[in-house]
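> From first to last, the protein sequence lines stand for chains A, B, C and D.
One point on numbering: in our numbering, the residue at position 68 of the first sequence is 68, and numbering is uninterrupted.
So the number in our numbering is just where the residue sits in the second sequence, counting from 1, plus 1000.
So the number in our numbering is just where the residue sits in the third sequence, counting from 1, plus 2000.
So the number in our numbering is just where the residue sits in the fourth sequence, counting from 1, plus 3000.
C-beta: ideal position from N, C-alpha, C; glycine also.
Just so it is clear, the structure is predicted and the values come from calculations on it, not from any experiment.
Number of protein chains: 4
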Amino acid sequence: MHPPYFCYNHLDMTEDNYSKENDLVLLAGPRGKNLLINLQPGEKLQTHVGEIEHNDLIGKVWGTRIFTHLGKFFYLLQPNLNDTLLNLKRSGTILYPKDIGYILMNLDISPGKRVIEAGTGSGGLTVVLAKMVGASGHVYSYEVRPEVQRLAEKNIRKLGLENQVTFHNHDIQSGFIEENIDSLFLDVPNPEDYLNQARSALKPGGYFGSLLPTNNQVILLLEALYHNQFAFTEVCEIMLRYYKPLFKTFRPEDRMVAHTGFLIFSRPIEWTEKEIEE
Amino acid sequence: MHPPYFCYNHLDMTEDNYSKENDLVLLAGPRGKNLLINLQPGEKLQTHVGEIEHNDLIGKVWGTRIFTHLGKFFYLLQPNLNDTLLNLKRSGTILYPKDIGYILMNLDISPGKRVIEAGTGSGGLTVVLAKMVGASGHVYSYEVRPEVQRLAEKNIRKLGLENQVTFHNHDIQSGFIEENIDSLFLDVPNPEDYLNQARSALKPGGYFGSLLPTNNQVILLLEALYHNQFAFTEVCEIMLRYYKPLFKTFRPEDRMVAHTGFLIFSRPIEWTEKEIEE
Amino acid sequence: MHPPYFCYNHLDMTEDNYSKENDLVLLAGPRGKNLLINLQPGEKLQTHVGEIEHNDLIGKVWGTRIFTHLGKFFYLLQPNLNDTLLNLKRSGTILYPKDIGYILMNLDISPGKRVIEAGTGSGGLTVVLAKMVGASGHVYSYEVRPEVQRLAEKNIRKLGLENQVTFHNHDIQSGFIEENIDSLFLDVPNPEDYLNQARSALKPGGYFGSLLPTNNQVILLLEALYHNQFAFTEVCEIMLRYYKPLFKTFRPEDRMVAHTGFLIFSRPIEWTEKEIEE
Amino acid sequence: MHPPYFCYNHLDMTEDNYSKENDLVLLAGPRGKNLLINLQPGEKLQTHVGEIEHNDLIGKVWGTRIFTHLGKFFYLLQPNLNDTLLNLKRSGTILYPKDIGYILMNLDISPGKRVIEAGTGSGGLTVVLAKMVGASGHVYSYEVRPEVQRLAEKNIRKLGLENQVTFHNHDIQSGFIEENIDSLFLDVPNPEDYLNQARSALKPGGYFGSLLPTNNQVILLLEALYHNQFAFTEVCEIMLRYYKPLFKTFRPEDRMVAHTGFLIFSRPIEWTEKEIEE
Chain A
1 MHPPYFCYNH LDMTEDNYSK ENDLVLLAGP RGKNLLINLQ PGEKLQTHVG
51 EIEHNDLIGK VWGTRIFTHL GKFFYLLQPN LNDTLLNLKR SGTILYPKDI
101 GYILMNLDIS PGKRVIEAGT GSGGLTVVLA KMVGASGHVY SYEVRPEVQR
151 LAEKNIRKLG LENQVTFHNH DIQSGFIEEN IDSLFLDVPN PEDYLNQARS
201 ALKPGGYFGS LLPTNNQVIL LLEALYHNQF AFTEVCEIML RYYKPLFKTF
251 RPEDRMVAHT GFLIFSRPIE WTEKEIEE
Chain B
1001 MHPPYFCYNH LDMTEDNYSK ENDLVLLAGP RGKNLLINLQ PGEKLQTHVG
1051 EIEHNDLIGK VWGTRIFTHL GKFFYLLQPN LNDTLLNLKR SGTILYPKDI
1101 GYILMNLDIS PGKRVIEAGT GSGGLTVVLA KMVGASGHVY SYEVRPEVQR
1151 LAEKNIRKLG LENQVTFHNH DIQSGFIEEN IDSLFLDVPN PEDYLNQARS
1201 ALKPGGYFGS LLPTNNQVIL LLEALYHNQF AFTEVCEIML RYYKPLFKTF
1251 RPEDRMVAHT GFLIFSRPIE WTEKEIEE
Chain C
2001 MHPPYFCYNH LDMTEDNYSK ENDLVLLAGP RGKNLLINLQ PGEKLQTHVG
2051 EIEHNDLIGK VWGTRIFTHL GKFFYLLQPN LNDTLLNLKR SGTILYPKDI
2101 GYILMNLDIS PGKRVIEAGT GSGGLTVVLA KMVGASGHVY SYEVRPEVQR
2151 LAEKNIRKLG LENQVTFHNH DIQSGFIEEN IDSLFLDVPN PEDYLNQARS
2201 ALKPGGYFGS LLPTNNQVIL LLEALYHNQF AFTEVCEIML RYYKPLFKTF
2251 RPEDRMVAHT GFLIFSRPIE WTEKEIEE
Chain D
3001 MHPPYFCYNH LDMTEDNYSK ENDLVLLAGP RGKNLLINLQ PGEKLQTHVG
3051 EIEHNDLIGK VWGTRIFTHL GKFFYLLQPN LNDTLLNLKR SGTILYPKDI
3101 GYILMNLDIS PGKRVIEAGT GSGGLTVVLA KMVGASGHVY SYEVRPEVQR
3151 LAEKNIRKLG LENQVTFHNH DIQSGFIEEN IDSLFLDVPN PEDYLNQARS
3201 ALKPGGYFGS LLPTNNQVIL LLEALYHNQF AFTEVCEIML RYYKPLFKTF
3251 RPEDRMVAHT GFLIFSRPIE WTEKEIEE
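1. Do you know how far the Cα of residue 248 of chain A is from the Cα of residue 1129 of chain B?
2. Return helix, strand or coil for residue 3048 of chain D, following the three-state DSSP convention.
3. Checking the sheet assignment: what are the DSSP bridge partners for residue 1118 of chain B?
4. Helix, strand or coil for residue 1154 of chain B per DSSP?
5. For residue 2135 of chain C, does the three-state DSSP call read helix, strand or coil?
6. Counting only beta-carbon separations shorter than 9 Å, does residue 1065 of chain B have a partner in chain A?
7. Pull up the CB-CB distance for residue 1100 of chain B and residue 105 of chain A, whole angstroms please, since I reckon it's below 8 Å.
8. What are the complete beta strand (DSSP E) segments, minimum 3 residues, inside the stretch 1023-1090 of chain B?
9. The stretch 208-226 of chain A: which residues have C-beta closer than 9 Å to a C-beta of chain D, in chain order?
10. Are the stretch 3170-3185 of chain D and the stretch 3110-3125 of chain D touching by the rule of at least three beta carbon pairs closer than 8 Å?
11. In chain order, what residues of the same chain have a beta carbon less than 7 Å from the beta carbon of residue 2153 of chain C, not counting five sequence neighbours either side?
12. Using a Cβ-Cβ cutoff of 9 Å, what residues of the stretch 1248-1272 of chain B are near chain D? List them in chain order.
13. With a cut-off of 9 Å, does the C-beta of residue 1176 of chain B fall near any C-beta of chain A?
14. Find out if the Cβ-Cβ distance for the pair residue 288 of chain A, residue 84 of chain A is shorter than 9 Å.
15. Count Cβ pairs between the stretch 211-221 of chain A and the stretch 2238-2254 of chain C that sit closer than 8 Å; are there 3 or more?
16. Is residue 1223 of chain B near the ligand COA, in the sense that its beta carbon is under 8 Å from a heavy atom of that ligand?
17. At a CB-CB cut-off below 7 Å, which residues of chain C make contact with residue 241 of chain A?
18. With contact counted as at least three CB pairs below 8 Å, one residue from each stretch, are the stretch 2260-2272 of chain C and the stretch 3018-3027 of chain D in contact?
19. Would a C-beta distance cut-off of 9 Å place residue 1076 of chain B and residue 1026 of chain B closer than the cut-off?
20. Cβ of residue 141 of chain A less than 9 Å from any chain B Cβ?
21. On the CB-based measure, 16 or more other CB atoms within 10 Å of its CB, does residue 1110 of chain B come out buried or exposed?
22. Less than 9 Å between the beta carbons of residue 2236 of chain C and residue 3102 of chain D, yes or no?
23. I'd like to confirm the pairing. Which residues does DSSP put opposite residue 3168 of chain D in its beta bridges?
24. Output needed for residue 144 of chain A: all residues of its chain with C-beta closer than 6 Å, excluding positions within five of it in sequence on either side, in chain order.
25. Nearest CA to the CA of residue 3177 of chain D: which residue from D:3149, D:3141 and D:3205?
26. Bridge partners of residue 2266 of chain C, per DSSP?
27. With a threshold of 16 other CB atoms inside 10 Å of the CB of residue 2092 of chain C, please say whether the residue is buried or exposed.
28. Please work out which residues of its chain come closer than 7 Å, Cβ to Cβ, to residue 136 of chain A, disregarding the five sequence neighbours upstream and downstream, and give them in chain order.
29. What would DSSP say about residue 1104 of chain B, mapped onto helix, strand or coil?
30. Is residue 1024 of chain B closer than 9 Å to residue 1079 of chain B when the C-beta atoms are compared?
31. Could you tell me whether the Cβ atoms of residue 3203 of chain D and residue 3180 of chain D are closer together than 9 Å?
32. Which of the three DSSP states is assigned to residue 2021 of chain C in this structure?
33. First and last residue of the alpha helix (DSSP H) that includes residue 2201 of chain C?
34. What does residue 1187 of chain B reach in chain A if we use C-beta pairs closer than 9 Å?
35. Under 8 Å by Cβ, that's how I've got residue 67 of chain A and residue 28 of chain A pegged, so tell me the actual separation to the nearest angstrom.
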């Protein structure tokens, strides 16, 4: 038996250490089956291994085991950004956490920034951008398909981030509404068609990014960036390799996601008079 | 000649579009040679391709070319997190942006969070954590070597983030000072020796992370996590592959960084009475 | 319509261009479903998309489409080493072509070489070694489980390679029977226990190789190689990444095999008298 | 001290265990500096760490240490295919062993096969193909630049493989001279221009392969293969990752070769009458 000396002394705990009504919680179950739910007194959750009363989930210390009526258990946890993303209701593909983490670093996303994304999609990136720019920043999210955007709005509300995001149901062909934006991310199949609009929305020296699945698309975008006076262009791929976390037989997982997309980052630069004359 | 129609109309620009005194700026030069400097009126910068007066760098639109007295030019840009990290003064290795981006996602770093890191090192991760938790959060950074921590403090001040960070010159063997911390990152060679301390500092269900270069170290940490009632353990590697951004001959770069370290993420879980009795 | 000018002029063909009795053939079917069979006059093949008479497969030009009684077709092809390996009857795992190709290069396998492998397993590597050393070389294959070795023997006979291989149902703990061997490959979980035996079997400067799935195993082998006077030790991994072969949307496959094993290569070196005295 | 029980008993050794006149030997020196030389009695070798008499290298057991006049040592070894390739005199790039190993598997190279390659280049692939097809097979190597081919011929002679190879100084635009070839490898920048010629040279169901560095080239070749009735097309990349072979600090090397080229494999299939009519 392990001595319990490192257990939490529950007398020292603050209110923040316990789950409460309306919290978004992660129930981490057997074999990686995770559930993301909002705690609502009186409600009942149906899982593949039995039922759980929401009331039994409220007021518990985070990390506690919760048993179903069939005796199986889940851990009660606060979801992190990764959990939240991977458990979002979605239509179509969403960006992967591995790519989003690197996008944050390269587009300089941090509290206070004003950021545009198009299209909204299921709102996976929207969620992360909204969290990261915080109350002092803002996200403007464009999408032409209203029903897709409604799903993203629902996801954003579920996470309590609605004040950080403005959704535009608007075709970016006609330009973006905002100006002097810090960073802009195009998650569309043909970003090469919107570079002029992107430049107009970005502040000088702002950050442009995109993610594209095929080489053919990257080639088209690289050519367009070149002709539209963007510079410091970088193309990369993030390969995430998981390992089996077993200390006696430590080794990589047998299979992995081999490709999500190519990340392209670039920055608009100023035209000098000389170049304009040429 | 490309038509200049997408150039910025300088009349519409806000103050924010121009460099000013005390700004931290990136001079992006030929062949990827970048310089990160604080603009100080009257000062002069020596580069490998000639001199530049700081005064010539103040009041310019971001993205403008600045020429040295030898006629070579740099682009004047606002540095992003990546630029900042890669140009920090350092002693020893620093975490790479590819790894930091994924750490942010997995340790749930966002505005308002309280985070511990140990050791401070050159402060690369400190900078990113401080920026991301914002004014409403805080970073507590531990380091036993005072001279190393002084460099990190200097880096943090240069970036104006000193209010977000508390530096402790303190051996974590005797435990962390703070409690109820959201996330904790151990960048030390032997994290397996501090899991008990980490558990005491973290709030229930908090996030633990570490980065280790060798398989031997990961094996030791995995065993310790197992014996210390941590769960949801993940081990992964981020492989970042750059491509030559050339639209006529698009292909991966010839060489790449093959290894920085293994990322380990885990979460302390609650001991149930049954387990304590066993 | 494409002009048929590059079709084969069947008058110029030699006997070798046609399938014949007893040939091992590959029927490459829809969606990558491949069948490997020996052509036997009068027999009938049952496939998931209908029946084919062996007689209809004999005397056809390689590359021809063969239709089942349900109107679906397969291409009639000569199998290459890859096809043969991936379609072998197997018990347990087999070595992957990506690893075998690199083993051939590093163990210096070529016509005329004498090679030991242990254990035989399903005979995947045995097949390739036997083919490559040709009639002037020989493969000695050790295995303690007779029923496993019988399967390998069957695979070898099916490919007509029985004269190139000697199977030993023999525990290598007591040493290998042959001496002055060019190359030796240990495909066992604990190769560190047989280095002394390997050294006795290998000719001076011969090639030793092994494949191990876990880091823990590699660490044990590296330590044993060091203490047993092996040198020029290399450890590597072969990551094989497939692309979708689509010219309009060229991109990597979504998923890949992330890990088969670590390849270890080493060479016994001579003890100098000075070292023996120490 | 390690017991010497596993040292070779020199009385049991055959002539093959000793180096002799004209042998191609590898001197494996400090820090990975390797030399590949032909032993010639009376000659003297100049190295960066002193001189060695060829006479001192003749008649030694493989794996022995040989000391220079300055007291530094090299190991005397028989070179394997990898060593041979990496130490060839070359003009321009050569194929890497990692790629060649997989080419062997996919083009079904083995004793007795007749193989075409174009262009010859420095003869790296030529060497391996010639060794693998053995005395019963043959390699036909095409190259338009005579001075380049002369270097390859010299490399082939140095290795005693001249009877296995026929060099053609010939433009493949006008077609290949041989017919009914088992396998054909195009190592040229524009393989899409020679598919018709390749089909005429290959036997039905033969193997076609190519290696191309850029995505743009692969896209062109994929389109041409599609229009020229090739099938079973595969595109892949081999990523070779080395590890530091240290048992106390086992980990991947810091840097790696990230890209050599994309491998493309395909097979010509027969035109059915229906398709010809369309």
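From the atom records:
1. Those two C-alpha atoms are separated by around 34 Å.
2. Residue state for residue 3048 of chain D is assigned as coil, using DSSP reduced to three classes.
3. BP columns for residue 1118 of chain B point to B:1142 and B:1186.
4. If DSSP states are grouped into helix, strand and coil, residue 1154 of chain B belongs with the helices.
5. Judged by DSSP in its simplified three-state form, residue 2135 of chain C adopts coil rather than helix or strand.
6. Contacts with chain A at 9 Å (Cβ-Cβ) include residue 1065 of chain B.
7. Indeed they touch by this definition, with Cβ atoms about 6 Å apart.
8. Given a length threshold of 3 residues, each whole run of the beta strand (DSSP E) inside the stretch 1023-1090 of chain B is given here in chain order: 1024-1028, 1034-1038, 1044-1047, 1050-1053, 1065-1067 and 1073-1077.
9. For the stretch 208-226 of chain A, the set of residues with a beta-carbon nearer than 9 Å to any beta-carbon of chain D comprises 215, 216, 218 and 219, in chain order.
10. The stretch 3170-3185 of chain D vs the stretch 3110-3125 of chain D: in contact.
11. Around residue 2153 of chain C: 2167.
12. Shown in chain order are the members of the stretch 1248-1272 of chain B whose Cβ falls below 9 Å from a Cβ of chain D: 1248, 1249, 1250, 1251, 1252, 1253, 1254, 1255, 1256, 1257, 1258, 1259, 1260, 1261 and 1262.
13. Closer than 9 Å: no.
14. Outside the shown range of chain A, which is 1 to 278, sits residue 288 of chain A, and nothing can be said about it.
15. Because the criterion of three Cβ pairs below 8 Å is met, the stretch 211-221 of chain A and the stretch 2238-2254 of chain C touch.
16. Only the bare structure without any ligand can be found here, which leaves the ligand COA out of the picture.
17. Those within 7 Å of residue 241 of chain A in chain C are 2258.
18. Three or more beta-carbon pairs separated by less than 8 Å are not found between the stretch 2260-2272 of chain C and the stretch 3018-3027 of chain D, which leaves the two stretches without contact.
19. Yes, the pair counts as a contact, with Cβ atoms nearer than the cut-off.
20. Output row for residue 141 of chain A: interface = no.
21. So residue 1110 of chain B ends up on the buried side.
22. Taking the C-beta atoms as reference points, residue 3102 of chain D is found no nearer than 9 Å to residue 2236 of chain C.
23. Note: residue 3168 of chain D sits in a beta bridge opposite D:3142.
24. Correct list, in chain order: 171.
25. Answer by Cα proximity: D:3141.
26. Answer by DSSP bridge pairing, in chain order: C:2208.
27. With fewer than 16 other Cβ atoms within 10 Å, it is exposed.
28. Within its own chain, the residues whose Cβ lies closer than 7 Å to the Cβ of residue 136 of chain A, once the five positions on either side in sequence are excluded, are 111 and 112, listed in chain order.
29. Helix, per DSSP.
30. A contact, by the Cβ cut-off of 9 Å.
31. Contact: yes.
32. Residue state, collapsed to three classes: coil.
33. Run containing residue 2201 of chain C: 2195-2201, per the alpha helix (DSSP H) assignment.
34. Within chain A, no residue comes near residue 1187 of chain B; the closest Cβ sits about 17 Å away, beyond 9 Å.
35. The C-beta distance from residue 67 of chain A to residue 28 of chain A rounds to 14 Å, too long to fall under 8 Å, and the pair is not in contact.
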